[in-house]
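Those protein sequence lines, which keep their order, are chains F and H. Start counting the first sequence at 73; every next residue gets the next number (my numbering). Start counting the second sequence at 36; every next residue gets the next number (my numbering).
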Amino acid sequence: MKINGEIWVVAEQRQGKLIRITLELLGRALSLAAETEADVGVVIMGNKTDSLCRELAQKGADRLYCVENDSLEHFNPELYSRIVSELAREYKPRIILLGATVQGSAVSPAVAAKLGSGLTAHCCEVSLAKQGRLLQVVPSLEGYYVFVSHQYPEMATISPGVLPLLSLEKAGKGEIVQKELSSLSGYQDVKTKVISLKKSEKPAVSLEDAEVIVAGGAGVGSDGWAMLHELAEVLGGVVGATRPAVDEGWIDHERLIGQSGKSVSPRLYIAVGISGDPLHLSGLREPEMFFAINKNPKATIFQFADYGVVADYKKILPLLIETAGRKL
Amino acid sequence: MEIIVCIKQVPDPEHLQLDPHTGTIIREGVPTIINAADKHALELALQLRQKNGGRVTAISMGPPSAAEALKEALAMGADMAALASDRAFAGADTLATSATLVALIHKLKPFDLVICGYSSLDSGTAQVGPQVAAILRIPFFTAVQKADKSADIFQVEVVMEDGNLVYETTLPALLTVGRRINRPRGIRLSEAKKARSKELLTFDLQSLGLTPDTVGGKGSKLSMVEKIPLSVGKGAEMIIGEPEEISGVIYGKIRNIGLGIQGGI
Chain F
73 MKINGEIWVV AEQRQGKLIR ITLELLGRAL SLAAETEADV GVVIMGNKTD
123 SLCRELAQKG ADRLYCVEND SLEHFNPELY SRIVSELARE YKPRIILLGA
173 TVQGSAVSPA VAAKLGSGLT AHCCEVSLAK QGRLLQVVPS LEGYYVFVSH
223 QYPEMATISP GVLPLLSLEK AGKGEIVQKE LSSLSGYQDV KTKVISLKKS
273 EKPAVSLEDA EVIVAGGAGV GSDGWAMLHE LAEVLGGVVG ATRPAVDEGW
323 IDHERLIGQS GKSVSPRLYI AVGISGDPLH LSGLREPEMF FAINKNPKAT
373 IFQFADYGVV ADYKKILPLL IETAGRKL
Chain H
36 MEIIVCIKQV PDPEHLQLDP HTGTIIREGV PTIINAADKH ALELALQLRQ
86 KNGGRVTAIS MGPPSAAEAL KEALAMGADM AALASDRAFA GADTLATSAT
136 LVALIHKLKP FDLVICGYSS LDSGTAQVGP QVAAILRIPF FTAVQKADKS
186 ADIFQVEVVM EDGNLVYETT LPALLTVGRR INRPRGIRLS EAKKARSKEL
236 LTFDLQSLGL TPDTVGGKGS KLSMVEKIPL SVGKGAEMII GEPEEISGVI
286 YGKIRNIGLG IQGGI
């Protein structure tokens, strides 16, 4: 397959606005492109795409692959993955980057399967090797794995919040490639229809912007979460959690930090009952102060925290809540 | 309704430990379990069978010992099971795994629905479901919260970051489910007894009609080129003492960076 060398980002929009991960990916695509003198292409699907195309062009995109249709207002896994794979077959990009969001995590494997490409998930870093291959770094329980793909396009999803959000001020070529949905092969075979979006009524918990995060893991158990919430409240922060705690159903998925969850950069991080593997810690960026409370003196987290306490958190947290609460 | 449930046997995360010398996971002697989300997939399949009739078939790709996971699925109530097992399948990335599962699915009766766990506890890519669907060329939905069939319409509700999306589609289709969709049933003695007489088929490379270059490590498009071990951090300064002292020291340090009073200072 002849590769034209473009580096692609699959954009993600909600109600006509780009979400942050798209700009994080665009920033990385532009720096990879600068190394290889490649162009950056962005795939945009939605019901109103004009302003998104302009915004992305101003921020450095060279080519906007734009598919606009009323049926694309909301995410449709079958339709979106068909569009991305058909566009990739036609324009043959060298790399495709997507966000490790619900949308990106659904679209990317289907596209990789249709194209016969390799695909990594939840990368925390991507860079180019000397030979030009994309090095894809994935956090794991035992450290980080680096993968390369043997097949173009090289495909990866990147966790939201792990790449810096650059100020993208240099405009790209901004050439718009408008595609009619009906012109795409297989469009008429799509069986899935979006019926409605039920917007979440709960206000979203913003872990990303929190200055203080009290995070709990498997060691918290099923019954200690009220204590973590109380501590977070008196410290003016929010509660986060690890994958095992979310999987047990002790706390909502929206509070997950690390692989397939959120990446956070609080000033203060208090880790309670968290062992400290990279699946979790890859989602934590340079807290100014990092406490770990864990019963196990050998827990890995004590390697990474600034201050450690080997104790039952149920003995420490109530006192801390009381002290901090009194000073209000 | 003919339903296929994909099951992965994984090491029990509660028994995973890092080797203190090499920093790598100790895999020997770790007990295995059915991947947590896959039990929820099976539960959904059993509920849909109850409502709509039909059969549930549990399938897996893995070493011969993965038959144990399938036997557990039979004891939970699946009607039959099928395992793809061959040394040639080892080292597969998600695409090679999906291609093997699809070959296995083609060996079974026509199906209406395939259900998978959203992601596995060991590698957690969440890729196999959508890839199986893409190869089968059927609609798919990930992170499904509700699924229901009425007449010819299949309705699915999916959890997104900012709310739930409701879809309609036709069957056959594929769903992946997380752990919030239902509570998987335990094993009842009566079901466990019946399970012994249920069919558990095994297929290898040849009987699936596959060739070595399309499966396992050889058929994979990804290679791991480096393992970066856990870096050892500088190590925490340990705070010791009675709980009152510890709490006082922590609070003092928090105040030192200007936090610890609601709304800051």
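Here a beta-carbon is modelled for each residue, glycine too, at the ideal position from N, C-alpha and C. Here the structure is a predicted model, which is why all the values come from computation and not from measurement.
Can you name, in chain order, every residue of its own chain whose Cβ lies under 6 angstroms from the Cβ of residue i, other than the five neighbours on each side?
i, result
"Gly312 (chain F)", "Leu279, Ile285, Ala287, Arg327, Ile329"
"Glu247 (chain F)", "Arg135"
"Glu107 (chain F)", "Leu200"
"Ala182 (chain F)", "Ser153"
"Val81 (chain F)", "Leu97, Leu98, Ala101, Val114, Leu169"
Do residue i and residue j have their C-beta atoms closer together than 8 angstroms?
i, j, result
"Gln375 (chain F)", "Leu351 (chain F)", "no"
"Gly345 (chain F)", "Ala290 (chain F)", "yes"
"Glu214 (chain F)", "Thr129 (chain H)", "no"
"Ala131 (chain H)", "Ile94 (chain H)", "no"
"Leu210 (chain H)", "Ala182 (chain H)", "yes"
"Val40 (chain H)", "Ala113 (chain H)", "yes"
"Ser199 (chain F)", "Leu257 (chain H)", "no"
"Lys302 (chain H)", "Leu109 (chain H)", "This structure leaves residue 302 (chain H) out entirely; chain H is present only between 36 and 300."
"Leu136 (chain H)", "Ala119 (chain H)", "yes"
"Ile222 (chain H)", "Met111 (chain H)", "yes"
"Asn141 (chain F)", "Leu253 (chain F)", "yes"
"Val218 (chain F)", "Met273 (chain H)", "no"
"Gly355 (chain F)", "Lys334 (chain F)", "yes"
"Tyr286 (chain H)", "Thr264 (chain F)", "no"
"Leu294 (chain H)", "Leu340 (chain F)", "yes"
"Ala343 (chain F)", "Ile323 (chain F)", "no"
"Ile188 (chain H)", "Leu105 (chain H)", "no"
"Arg214 (chain H)", "His50 (chain H)", "no"
Of all Cβ atoms in chain F, is any one closer than 8 angstroms to the Cβ of residue i?
i, result
"Arg220 (chain H)", "no"
"Thr246 (chain H)", "no"
"Met36 (chain H)", "no"
"Leu148 (chain H)", "no"
"Gly299 (chain H)", "With a pLDDT of 41 at Gly299 (chain H), under the threshold of 50, the modelled position of that residue is not reliable, and no figure is offered here."
"Phe238 (chain H)", "no"
"Asn199 (chain H)", "yes"
"Gly283 (chain H)", "yes"
"Ala271 (chain H)", "yes"
"Leu175 (chain H)", "According to the sequence shown, residue 175 (chain H) is Phe rather than Leu. Judged by the 8 angstroms Cβ criterion, Phe175 (chain H) is in contact with chain F."
"Gln162 (chain H)", "yes"
"Glu203 (chain H)", "yes"
"Asp47 (chain H)", "no"
"Gln180 (chain H)", "no"
"Met195 (chain H)", "yes"
"Val267 (chain H)", "yes"
CB-CB under 7 angstroms to residue i, same chain, minus the five flanking residues each way: which ones, in chain order?
i, result
"Pro48 (chain H)", "Leu156"
"Leu79 (chain H)", "Ile150, Ala182, Val212, Ile216, Asn217"
"Asn199 (chain H)", "Gln180, Glu192, Val193"
"Phe147 (chain F)", "Gln175"
So residue i contacts chain H; which residues on that side make the cut at Cβ distance below 7 angstroms?
i, result
"Ser189 (chain F)", "Lys256"
"Val220 (chain F)", "Ser258, Val260"
Checking the sheet assignment: what are the DSSP bridge partners for residue i?
i, result
"Thr67 (chain H)", "H:Pro46"
"Glu272 (chain H)", "F:Tyr379"
"Gly333 (chain F)", "None; Gly333 (chain F) has no bridge partner."
"Val191 (chain H)", "H:Ala182, H:Tyr202"
"Cys195 (chain F)", "F:Ile230"
"Tyr385 (chain F)", "According to DSSP, which records beta bridges pairwise, Tyr385 (chain F) is partnered with nothing at all."
"Ser212 (chain F)", "F:Gly215"
"Phe363 (chain F)", "F:Ile342, F:Tyr379"
"Gly308 (chain F)", "Partner(s): none; Gly308 (chain F) has no beta bridge."
So, for residue i: in the same chain, excluding its five sequence neighbours on each side, which residues have a beta-carbon less than 8 angstroms away from its beta-carbon?
i, result
"Gly258 (chain F)", "Arg154, Glu158"
"His194 (chain F)", "Ala172, Val210, Pro211, Thr229, Ile230, Ser231, Gln331, Ser332"
Quick one: which chain F residues come within Cβ less than 8 angstroms of residue i?
i, result
"Ile289 (chain H)", "Leu307, Leu340, Met361, Ala396"
"Leu51 (chain H)", "Leu213"
"Gln166 (chain H)", "Pro181, Ala182, Ala184, Ala185"
"Glu279 (chain H)", "Leu391"
Is the shortest distance between the beta-carbon of residue i and the beta-carbons of chain H less than 8 angstroms?
i, result
"Tyr216 (chain F)", "yes"
"Leu392 (chain F)", "yes"
"Met73 (chain F)", "At Met73 (chain F), the pLDDT of 40 sits below 50, so the modelled position is not reliable and the matter cannot be decided from this model."
"Gln375 (chain F)", "yes"
"Ile388 (chain F)", "yes"
"Leu269 (chain F)", "yes"
"His301 (chain F)", "no"
"Glu280 (chain F)", "no"
"Gly233 (chain F)", "no"
Going along chain F, which residues have a C-beta under 9 angstroms from residue i?
i, result
"Ser133 (chain H)", "Pro181, Ala185"
Can you list the residues of chain H that residue i reaches, using a CB-CB cut of under 8 angstroms?
i, result
"Gly321 (chain F)", "Arg214, Arg215"
"Pro225 (chain F)", "By Cβ distance, chain H contributes nothing, its closest Cβ being about 11 angstroms from Pro225 (chain F), past 8 angstroms."
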